[in-house]
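Enquirer: Numbering (my numbering), first residue to last: 1402 to 1566. Heads up, the beta-carbon is just placed ideally off N, CA and C, and yes, glycines get one too. Before I ask anything, here is the structure I am working with.
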């Protein structure tokens, strides 16, 4: 007569390796907003911010260190002096008007594509940390290796839709 073991699990290195290789991380589903929008500012406040930002774009300009970006701004007719780009408010509004109100955020696996915009949101991490605390509890500036580690972590978090890069 043979006795079948109940409740036992394979243990050991090969079982752990097998678990690591077959582990599936469930994707966070598309998030549809069901709450009404709240307006934190009235139209007068929005208008004041808009006028101030247009004044900065037209008179102070934006400093770009990337020659490709500077060339792109020249192509669309922006005034460029050295590395500073001055943006006309009409050009800015025209460019903003071309942004779609919604689009599909495409994944490598089409089953994981996500709608974005209108009533849909996605969760992505910030680009990087301005400071971090290392294993020795020392506050320091992050390195590119730290940024790569942040990306690896965010890629494995089921609460994130994307590592954003």
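1. Could you round the C-beta distance between residue 1522 and residue 1432 to whole angstroms and report it? I think they count as a contact, below 8 Å.
2. Can you tell me whether residue 1534 is helix, strand or coil according to DSSP?
3. So, are the CB atoms of residue 1517 and residue 1506 less than 7 Å apart?
4. If the criterion is Cβ atoms closer than 7 Å, does the pair residue 1442 and residue 1490 meet it?
5. Identify whether residue 1460 lies in helix, strand or coil by the three-state DSSP scheme.
6. Taking only three categories from DSSP, how would you classify residue 1555?
7. Straight-line CA distance for residue 1513 to residue 1437?
8. By a C-beta neighbour count over all protein chains shown, 10 Å radius and 16 as the cutoff for buried, is residue 1468 buried or exposed?
9. Going by the CB atoms, is the gap between residue 1530 and residue 1543 shorter than 7 Å?
10. The beta strand (DSSP E) that contains residue 1430, what's its start and end?
11. Please state the DSSP three-state secondary structure of residue 1511.
12. Using DSSP bridges, identify the partner residues of residue 1465.
13. Pick out whichever of 1559, 1534, 1483 has its Cα sitting closest to the Cα of residue 1525.
14. Using C-beta distances below 6 Å, list every residue in its chain close to residue 1480, excluding the 5 sequence neighbours before and after it, in chain order.
15. I'd like the list of long-range same chain contacts for residue 1466, defined as Cβ closer than 7 Å, with 5 residues on each side in sequence excluded.
16. I'd like to confirm the pairing. Which residues does DSSP put opposite residue 1541 in its beta bridges?
Expert: On the basis of the coordinates in this document:
1. Indeed they touch by this definition, with Cβ atoms about 5 Å apart.
2. strand
3. yes
4. no
5. helix
6. helix
7. Here the C-alpha atom of residue 1513 lies approximately 27 Å from the C-alpha atom of residue 1437.
8. exposed
9. yes
10. Residue 1430 -> no beta strand (DSSP E), and no H or E assigned at all.
11. helix
12. The beta-bridge partner set that DSSP reports for residue 1465 is empty.
13. Of the listed residues, the one whose Cα sits closest to residue 1525 is 1559.
14. 1487
15. Cβ neighbours of residue 1466 within its own chain (closer than 7 Å, five residues either side excluded): 1484.
16. 1533
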